[in-house]
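Residue numbers (our numbering): 731 to 968.
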């Protein structure tokens with residue numbers, strides 16, 4: 731601004747008197763000062779306007795963020811409520827499963843008891859009928875009666891035997907060993923051989939094996955038993 735006033739001063743001195751030039755220079759200086767202040771103010775207004783717009787944008791974003799946070803909080807609340815419901819449902823389910831397991835155990839216990847009862851009933855009938863059937867079909871002469879008993883194997887462990895008795899066949903003594911099954915399967919045959927026969931053969935000597943049943947589970951179970959050297963009788967044979 732000083733350079734501009736010096737130039738104006740030189741040009742004015744060519745036309746006006748020194749006093750007039752001084753007055754005019756003061757006026758120009760005042761005008762320049764006012765012009766600079768107005769320019770600064772306009773710039774300041776622009777900055778303030780930009781700041782105001784930025785503030786509005788910040789407030790808008792803050793509002794959106796607040797809304798989103800509220801939505802997330804509501805979703806979190808619903809999630810927690812759902813988790814609580816699921817936890818309660820899980821507790822109810824576990825309780826029902828516990829009751830069901832208890833009922834299942836009781837049912838198995840009752841069925842086991844019923845199976846034992848049916849088996850014992852079948853064997854009781856066999857005790858009466860087998861002496862005559864074995865004599866007729868295999869020439870066995872019983873010595874005493876058939877019974878249930880515990881017999882120790884060669885390791886000294888007691889094994890429950892459902893049908894056992896002594897008999898004579900062709901002048902030699904044999905031990906009748908058997909059991910009853912309501913419905914006989916090949917698995918039952920194998921289990922009888924594994925759990926009873928194989929463990930007692932060395933203790934009881936010559937064995938005559940017999941199984942009694944109401945019905946077989948497959949068409950070829952009877953043939954399977956005979957192949958294993960086991961006599962098979964049905965309850966209707968009694």
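Each residue gets a CB set at the ideal place from its N, CA and C atoms; glycine is no exception.
CA-CA distance, residue 882 to residue 826, rounds to 44 Å.
Distance check between residue 852 and each of 754, 742, 936, 963 places 963 closest, using alpha-carbon atoms only. Cβ contact annotation for residue 858 (same chain, cutoff 6 Å, sequence separation greater than five): none. Each of 854, 886, 924 was checked against the Cα of residue 943, and the nearest Cα belongs to 854. Contact fails between the stretch 871-878 and the stretch 915-935, because fewer than three Cβ pairs, one in each stretch, are under 8 Å apart. With contacts defined as CB atoms closer than 7 Å, residue 870 and residue 912 fail to qualify as a contacting pair. Here residue 738 really is in contact with residue 758; their C-beta atoms are around 6 Å apart, less than 8 Å.
With a 10 Å radius around the Cβ and a threshold of 16 neighbouring Cβ atoms, residue 814 comes out exposed. Around the C-beta of residue 909, 16 or more other C-beta atoms lie within 10 Å, and the residue is accordingly described as buried.
Secondary structure note for residue 875: its beta strand (DSSP E) is the uninterrupted segment 871-882. Under the three-state reduction of DSSP output, residue 818 falls in the helix class.
Taking a contact as a CB-CB distance under 8 Å, the pair residue 940 and residue 872 does not count as one, their CB atoms being some 12 Å apart.
In chain order, 884 place their CB closer than 6 Å to the CB of residue 932, counting only its own chain and leaving out the 5 sequence neighbours on each side.
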